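Numbering (this note's numbering), first residue to last: 50 to 496.
As structure tokens, this is what we get:
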């Protein structure tokens, strides 16, 4: 799952879901003397600032490359899981198309991705990208995509509520036992204050169960991807902690079956102490939900073992011509992969338009490229970066684990497990884990 949908400023400004307007197109229009490429994930018109940035950057690219014509299609979210496979199968996908990290192998398996291996040497930035991110789009030694952004989960918390509850906001919880203690103290403030909130619907409960399981050293599936590994002491610990916070401590509130917007609303209104999310939630809390940057901080995942990471990138259609592949890679370089410049990296421009700069986003680049990117970001930071230092420090010692195969199907199964624990005081945790394991085994067996 992507943490919020597009990126920092779209999320910060707020957008309403729009229908996909894109039509595929693999005609390179070489008769006109230009190579034409269709691309997606252009911010919708309702996100005026980001839309303007995107159009400005495309225009600059076309000016620098007069032999390339870029036709961009907008959508929010950038990829709709309900229509993604249908667009691929029907030949309606853009030439250069957005994907989650978890899509990479699937797109290759169904033979819809162009092999970029012969062309990446022409992508000047490719060698500067973190190797673990490049590996996500490398299948059987061949390169099929280029990473664009990443995220990692952490514990977002309200510094003001921590202080009111007698907790030190500069020393956030580092274990689940400490989370439970802090949640109980915050809920004790009364007035409808919730200590800790968690998701349990729309596959988001399964997503968070996975993150919490990782944090305790567990895993959802075996290393070979063939068997469920949730019916374990770590899996029971996750559910027992949620059960005890919900029913023994009464620190999670009475309303359950929450999704991400519910937690954001609670946090933005000053009624929630903690919830799990990625840093890109922070501008949403401020711009849309009424919070103040000064009050919102983020810590690493409790447990100290691992954190769930995700992100996105671009792949190229199997139908693309060599000229379109080369044009698409040039476009990616210009838009997303130049430190301190382009749609994601022009921090000075973002700051001028009051978009948040300085959030603790995972680093895309290495070496000199990373140093340049970080230097420019630091010079233009306009958020309280000190609030995020615990997250940055703590992440350095955590394993970074991507989502499991068949993630959405597995999350759907795990949703039922988490929702049962949070809505039924007498839920049988052992039975829930055993039944869910069987269902996940079936999903994995079907491939």
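We put the beta carbon where it would ideally sit given N, CA and C, even for glycine. Note that this is a predicted model, so its numbers are computed, not measured.
Specify, as a first and last residue, the run of the alpha helix (DSSP H) that residue i falls within.
| i | result |
| --- | --- |
| residue 239 | No alpha helix (DSSP H) contains residue 239, which DSSP labels as neither H nor E. |
| residue 316 | 309 to 317 |
| residue 460 | 456 to 472 |
| residue 482 | 478 to 495 |
| residue 443 | 438 to 444 |
| residue 210 | 208 to 213 |
According to DSSP, what are the bridge partners of residue i?
| i | result |
| --- | --- |
| residue 191 | 188 |
| residue 91 | 123 |
| residue 203 | 326, 349 |
| residue 198 | 361 |
| residue 178 | 414 |
| residue 425 | None, per the DSSP bridge assignment. |
| residue 84 | 117 |
| residue 243 | 321 |
Along the beta strand (DSSP E) that carries residue i, what are the first and last residues, could you check?
| i | result |
| --- | --- |
| residue 348 | 345 to 349 |
| residue 451 | 448 to 451 |
Counting C-beta neighbours from all protein chains within 10 Å, is the total for residue i 16 or more, i.e. buried, or is it exposed?
| i | result |
| --- | --- |
| residue 271 | exposed |
| residue 444 | buried |
| residue 71 | Any reading at residue 71 must be qualified, since the residue scores a pLDDT of 37, below 50, and its modelled position is unreliable; the value itself is stated next. Buried is the call here. |
| residue 276 | exposed |
| residue 448 | exposed |
| residue 476 | buried |
| residue 401 | exposed |
| residue 64 | In this predicted model, residue 64 has a pLDDT of only 32, less than 50, meaning its place in the structure is not dependable enough to derive any value. |
| residue 496 | exposed |
| residue 246 | buried |
| residue 456 | buried |
| residue 244 | buried |
| residue 336 | buried |
| residue 366 | buried |
| residue 487 | exposed |
| residue 89 | buried |
| residue 390 | buried |
| residue 220 | exposed |
| residue 184 | exposed |
| residue 497 | Residue numbering for the chain in the displayed model covers 50 to 496; residue 497 lies beyond these limits and cannot be assessed. |
| residue 483 | exposed |
| residue 427 | exposed |
| residue 469 | buried |
| residue 417 | exposed |
| residue 523 | Nothing in the structure corresponds to residue 523, since the chain is present only between 50 and 496. |
| residue 474 | exposed |
I'd like to know whether the C-beta atoms of residue i and residue j end up nearer to each other than 9 Å.
| i | j | result |
| --- | --- | --- |
| residue 318 | residue 232 | no |
| residue 9 | residue 255 | In this structure the chain extends from 50 to 496, so residue 9 is not present and cannot be described. |
| residue 298 | residue 229 | yes |
| residue 354 | residue 263 | yes |
| residue 325 | residue 261 | yes |
| residue 240 | residue 320 | yes |
| residue 207 | residue 346 | yes |
| residue 224 | residue 407 | no |
| residue 393 | residue 195 | no |
| residue 356 | residue 199 | no |
| residue 425 | residue 462 | no |
| residue 92 | residue 102 | yes |
| residue 150 | residue 362 | yes |
| residue 190 | residue 214 | no |
| residue 405 | residue 397 | no |
| residue 494 | residue 280 | no |
| residue 375 | residue 84 | yes |
| residue 382 | residue 172 | yes |
| residue 441 | residue 178 | no |
| residue 453 | residue 274 | yes |
| residue 267 | residue 283 | yes |
Length-filtered (4 minimum) alpha helix (DSSP H) runs lying within the segment 93 to 174: Within the segment 93 to 174, the runs of alpha helix (DSSP H) at least 4 residues long that lie entirely inside it are, in chain order, 97 to 113, 130 to 138, 153 to 158.
Quick check for students: name the residue ranges of the alpha helix (DSSP H) that lie wholly in the segment 245 to 293, counting only runs of 4 or more. For the segment 245 to 293, whole alpha helix (DSSP H) runs of length 4 or above, ordered along the chain, are 253 to 264, 282 to 292.
Hey, which unbroken runs of the alpha helix (DSSP H) at 4 residues or more fall wholly within the segment 330 to 414? Complete alpha helix (DSSP H) runs here, min 4: 330 to 336, 371 to 385, 391 to 394, 396 to 401.
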